[in-house]
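The structure under discussion appears below in the form of structure tokens.
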Amino acid sequence: MKGDKRFDTQELWRRDLKHCIHPWTDFSTFKEEGSLIMAESEGAYVVDSDGQRYLDGIGGLWCVNIGYGREEMAEAISEQIRRLPYFSTFTHLITPPAASLAAKLAELAPGPLNHVFFGTGGSMANETAIRVIQFYFNRLGKENKKQIIARTDGYHGSTYLTMSLTGIGFDHIGFDIIKDFIHHIPAPNVYRRPQGMTVEEFCDQKVADLENKILELGPENVACFIAEPIMGAGGVIVPPPGYHRRTWEICKKYDVLYVSDEVVTAFGRLGEMFASEPVFKFTPDVITCAKGITSGYVPLGATIFSDEIYDVISVPQEKGCLFTHGFTYSGHAVSCAAGLKNIEIIEREDICGHVREVGPYFEERLATLLDLPIVGDVRGKDFMMCVENVANKETKELLPPEVKIGNRIAAHSQNRGLMVRPLAHLNVLSPPLILSKDQIDFIVETLRESITATMDDLVKEGLWK
Ligand SMILES: Cc1ncc(COP(=O)(O)O)c(C=O)c1O
């Protein structure tokens with residue numbers, strides 16, 4: 023760890039403020055406060071440009087699964103750059119790492135999911151899933167199958183199409199979205215289920231929502247259902263037991279394809295390389311992934327299709343017609359080399375086994391925060407967790423958004439050496455998967471202090487009693 027003031031923080035701060043457009047920015051506070059400049063890293067820690075060290079409870083952005091500072095990753099990446107930094111994968115061209123990573127993903131993905139299309143991130147992976155599904159049904163002569171069902175509070179990306187699949191109303195404010203062929207059904211948010219309803223009844227209702235929507239649109243018009251195994255950015259919503267299996271059965275019944283968006287959940291976060299089959303007991307037709315595929319060291323995303331889909335899309339078309347989907351950086355050699363090394367590390371160190379062992383401890387320890395008057399819910403699984411802050415635990419009523427409760431708690435945590443992600447009234451935790459139990463204790467103790475300090479502030483400011 024260095025933290026030796028090698029960076030001119032003020033100058034970097036000024037450059038950023040003047041020239042960088044940040045994703046998901048609140049310009050009102052950004053223009054006053056500017057950015058925290060993260061400059062170095064090691065293991066589960068990041069260090070800012072002034073040398074302040076933080077335990078990274080965010081895992082970069084749900085992605086640094088193997089942790090920071092892996093020499094092996096640096097070597098694999100630099101070796102590939104020296105050998106061949108880039109070559110196209112268009113038409114009949116490929117590079118050794120792209121071919122090997124495709125085969126490796128096919129080996130890891132469930133059953134018939136054997137065909138991989140590479141992009142550069144999660145949005146592109148979902149965009150690819152939808153384009154290819156449209157193409158698939160067109161080729162089958164089922165041109166009417168165009169409607170897509172997604173879920174309120176689902177997050178699928180930030181391109182025009184994937185933001186339209188996204189069901190977080192807040193994310194749509196001020197931007198245009200596609201409305202004519204994308205439909206949202208309610209999220210299976212157990213914490214917010216109607217009073218007096220059992221979890222089983224709630225699950226029945228959420229499953230019925232999908233079937234009713236398919237019937238309303240007409241099964242002959244519905245192409246696919248897209249869902250995250252655990253909804254991430256929408257609030258770490260863990261579905262009731264059986265939900266995925268049952269929604270998948272509904273999809274099968276009506277010839278609707280199931281796209282499992284595993285951009286966050288794949289590569290160990292839930293203790294498995296892919297969560298759909300081993301954790302949630304269903305085999306989707308398409309899995310999309312990104313983030314943990316390289317642990318964020320370089321950008322990469324992948325869309326993995328079933329044999330059934332591949333067998334249709336790969337039938338040669340009329341002479342001269344191509345499968346016209348692809349990006350300059352599809353299967354980028356350096357990204358694929360990083361992906362291979364990253365997966366090798368996850369397997370060799372049995373990081374999935376570590377998550378399965380330590381994840382329940384994380385869940386248990388974090389749940390102890392429920393004794394705090396402002397903590398309404400602690401939920402999630404393994405290394406994908408969240409704390410929901412409320413004004414009133416009985417009614418589950420929220421504090422007004424302008425209180426920025428999530429930001430306040432995150433700021434107190436940051437002052438104590440812990441990065442947690444504020445998401446409106448929530449604080450999300452998706453740390454590197456290599457955390458020890460001591461580091462988990464640090465997260466929980468720091469959060470307790472930070473939430474307590476925040477409650478004191480709210481009382482002092484007359485915002486909460
Ligand atoms: C479930 C899910 N899908 C898709 C995306 C989009 O991925 P990217 O930001 O790499 O485009 C994200 C990003 O957080 C995500 O959480």
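Plus 22 on top of the position in the sequence shown (first one is 1) and you've got the working numbering. All C-beta atoms in this analysis are idealised placements derived from N, C-alpha and C, irrespective of residue type, glycine included.
In this structure, how does DSSP classify VAL281 when only helix, strand and coil are distinguished? The sequence position of residue 281 within the sequence shown is 259, counting from 1. Strand.
>> Nearer than 7 Å: is that true of the beta carbon of ASP283 relative to any heavy atom of ligand 1?
In response: Within the sequence shown, the letter at position 261 stands for residue 283. ASP283 Cβ: within cutoff of ligand 1.
Exercise. From which residue to which residue does the alpha helix (DSSP H) around ASP70 run?
Worked result: Locating residue 70 in the sequence shown gives position 48, where the first residue counts as 1. Counting along the chain, ASP70 falls outside any alpha helix (DSSP H), though it belongs to the beta strand (DSSP E) covering 67-70.
Could you check if VAL337 is buried or exposed, using at least 16 other CB atoms within 10 Å of its CB as the buried criterion?
Walking along the sequence shown from the start, residue 337 turns up at place 315. VAL337 should be labelled exposed.
For ASP399, the first and last residue of its enclosing beta strand (DSSP E): The residue labelled residue 399 in the question sits at position 377 within the sequence shown. Run containing ASP399: 397-403, per the beta strand (DSSP E) assignment.
Worksheet entry | CYS225: first and last residue of the uninterrupted alpha helix (DSSP H) it sits in | Residue numbering aside, residue 225 sits at position 203 when the sequence shown is read from its first letter. 221-239 is the extent of the alpha helix (DSSP H) around CYS225.
Taking only heavy atoms of ligand 1 into account, decide whether any of them is closer than 7 Å to the Cβ of GLY318. For the purposes of this step, residue 318 is taken as the residue at position 296 of the sequence shown. No.
Whole-Å CB distance - THR111 paired with SER357, under 8 Å assumed:
Indexing the sequence shown from 1 puts residue 111 at position 89. Indexing the sequence shown from 1 puts residue 357 at position 335. Rounded, the Cβ-Cβ distance is 11 Å, inconsistent with contact.
Q.
Check this for me: beta carbons of PHE349 and GLY381, under 8 Å apart or not?
A. By 1-based counting over the sequence shown, the position of residue 349 is 327. By 1-based counting over the sequence shown, the position of residue 381 is 359. Taking 8 Å as the Cβ cut-off, PHE349 and GLY381 do not qualify as a contacting pair.
Would a C-beta distance cut-off of 8 Å place HIS205 and LYS235 closer than the cut-off? The sequence position of residue 205 within the sequence shown is 183, counting from 1. The sequence position of residue 235 within the sequence shown is 213, counting from 1. Yes, the pair counts as a contact, with Cβ atoms nearer than the cut-off.
(Q) Taking the beta strand (DSSP E) that CYS246 belongs to, which residues open and close that run? (A) Here residue 246 refers to the residue found at position 224 when the sequence shown is read from its first residue. Here the beta strand (DSSP E) through CYS246 covers 244-249.
Notebook entry, point to check: Using the C-alpha atoms, what's the distance from GLU369 back to GLU129?
Noted result: To locate residue 129, count along the sequence shown from 1; it is residue 107. To locate residue 369, count along the sequence shown from 1; it is residue 347. Near 13 Å, if we compare the C-alpha coordinates of GLU369 and GLU129.
- Kindly indicate which residue of GLY323, GLN217 and GLY81 has the alpha-carbon position closest to the one of GLY179. The residue you call residue 179 lines up with position 157 of the sequence shown. When each option's Cα is compared against that of GLY179, the closest is GLY323.
Quick one: is ALA147 near chain D, going by C-beta distance under 8 Å? No chain D appears in this structure, which consists of one protein chain only.
For ASP198, does the count of other Cβ atoms within 10 angstroms reach 16, so buried, or fall short, so exposed?
-> Locating residue 198 in the sequence shown gives position 176, counting from the first residue. Classification of ASP198: exposed, given that the 10 Å Cβ count is below 16.
Please indicate yes or no: does the CB of SER186 lie closer than 7 Å to some heavy atom of ligand 1?
Against the sequence shown, residue 186 aligns to sequence position 164. False, no ligand heavy atom lies under 7 Å from that Cβ.
Which ranges does the beta strand (DSSP E) cover as unbroken runs of at least 3 residues, wholly within the region 282-315, from first to last along the chain? 308-311
Rounded to the nearest angstrom, what separates ALA125 and HIS137 at their Cα positions? Reading the sequence shown from its first residue, position 103 is the one you call residue 125. Reading the sequence shown from its first residue, position 115 is the one you call residue 137. Looking at the two C-alpha atoms, the distance is approximately 8 Å.
Could you spell out where the beta strand (DSSP E) holding ILE204 opens and where it closes? Position 182 of the sequence shown holds residue 204. Taken as a continuous stretch (DSSP letters only), the beta strand (DSSP E) holding ILE204 covers 204-207.
Handout entry: Limits of the unbroken beta strand (DSSP E) element including MET60
Key = Start at 1 with the first residue of the sequence shown, and residue 60 comes out as number 38. 60-64 is the extent of the beta strand (DSSP E) around MET60.
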